[in-house]
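Working notes, structure below.
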Amino acid sequence: MSVILPFLAAQAANAVAPTASPPPPASADWAALDPIPYRQPPHISQAMDAFVANEIGSGRCKIARPADGHYVVTLDVIVQVTGDGVIHRAVPRAIDCPTVEQYGVGLITGFARANIQPGAAPDHWYRTTMVFDWQA
307 MSVILPFLAA
317 QAANAVAPTA
327 SPPPPASADW
337 AALDPIPYRQ
347 PPHISQAMDA
357 FVANEIGSGR
367 CKIARPADGH
377 YVVTLDVIVQ
387 VTGDGVIHRA
397 VPRAIDCPTV
407 EQYGVGLITG
417 FARANIQPGA
427 APDHWYRTTM
437 VFDWQA
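Numbering (the numbering used here), first residue to last: 307 to 442.
What follows is the structure, given as structure tokens:
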């Protein structure tokens with residue numbers, strides 16, 4: 307027992323503290339960030355548009371009905387991509403519709419899976435925009 311404690315103390319003293327990844331550039335100009343380097347650009351399907359339409363139609367979002375009934379909902383998201391092309395963090399810009407914001411983050415995470423160009427800078431922040439478009 308007396309041999310183990312000095313060994314553990316020495317290990318703890320030599321341990322390297324994990325480095326914190328840079329925080330999201332929330333106050334930065336999101337448009338100035340590089341776009342996500344997708345291999346294949348994602349496609350918003352009618353089912354995805356329908357989900358957003360349902361959220362708005364059910365009153366869970368505070369998005370006004372356009373006079374002509376043609377909705378265009380834009381969701382900006384910034385993502386932190388690891389060196390191996392995995393999204394580490396995603397931050398949506400608030401559009402007063404939390405369910406759609408989180409839905410969009412989930413979609414982007416899925417779109418990025420095995421779809422980021424090789425050589426993405428470690429812990430680099432990128433931007434993307436999703437546009438949901440339908441006629442009510």
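Note that CB positions come from ideal geometry on N, CA and C, so glycine has one too. Since we're looking at a predicted model, the values are computed, not measured.
According to DSSP, is residue i helix, strand or coil?
i: Pro-398; result: strand
i: Asp-355; result: helix
i: Thr-405; result: helix
i: Arg-433; result: strand
i: Ile-342; result: coil
i: Thr-380; result: strand
i: Val-411; result: helix
i: Ile-350; result: coil
i: Pro-312; result: Because the pLDDT of Pro-312 is 49, which lies under 50, any placement of that residue in the model is unreliable, and the number read from its coordinates should be weighed accordingly. The answer is helix: DSSP assigns Pro-312 an H, G or I state.
i: Ile-422; result: strand
i: Ile-362; result: helix
Taking the alpha carbon of residue i as the point to measure from, which residue in the options has its own alpha carbon closest?
i: Ala-337; options: Asp-382, His-394, Tyr-344 and Ile-369; result: Asp-382
i: Val-457; options: Val-378, Ala-420, Val-379 and Cys-403; result: Outside the shown range of the chain (307 to 442) lies residue 457, about which nothing can therefore be said.
i: Tyr-344; options: Phe-357, Ala-418, Thr-380 and His-376; result: Ala-418
i: Ala-396; options: Ala-442, Asp-390, Tyr-377 and Gln-408; result: Gln-408
i: Gly-416; options: Pro-424, Ala-356, Ala-400 and Ile-393; result: Ile-393
i: His-430; options: Gly-391, Phe-357, Gly-363 and Asp-355; result: Gly-391
i: Pro-404; options: Gly-363, Cys-367, Leu-339 and Gln-346; result: Cys-367
Since residue i and residue j are thought to touch, with beta carbons under 8 Å apart, how far apart are those beta carbons, to the nearest angstrom?
i: Trp-440; j: Ala-359; result: 5 Å
i: Val-379; j: Pro-398; result: Not quite, the Cβ-Cβ distance comes to about 12 Å (not below 8 Å), so this is no contact.
i: Ile-342; j: Val-406; result: The pair is not a contact, with the Cβ atoms about 19 Å apart (cut-off 8 Å).
i: Thr-375; j: Ala-427; result: Here the sequence assigns Gly to residue 375, which means Thr is not the residue at that position. With 8 Å as the limit, Gly-375 and Ala-427 do not qualify as a contact, their Cβ atoms being about 43 Å apart.
i: Ile-401; j: Tyr-377; result: Wrong, their Cβ atoms sit about 12 Å apart, outside the cutoff.
Hey, is residue i's beta-carbon within less than 7 Å of any beta-carbon in chain B?
i: Ile-414; result: Looking for chain B here will not work: only one protein chain is present.
Within the chosen definition, does the stretch 419-435 reach the stretch 350-363 through at least 3 CB pairs nearer than 8 Å? Taking a cut-off of 8 Å on C-beta distances, the stretch 419-435 does not touch the stretch 350-363, as fewer than three cross pairs fall below it.
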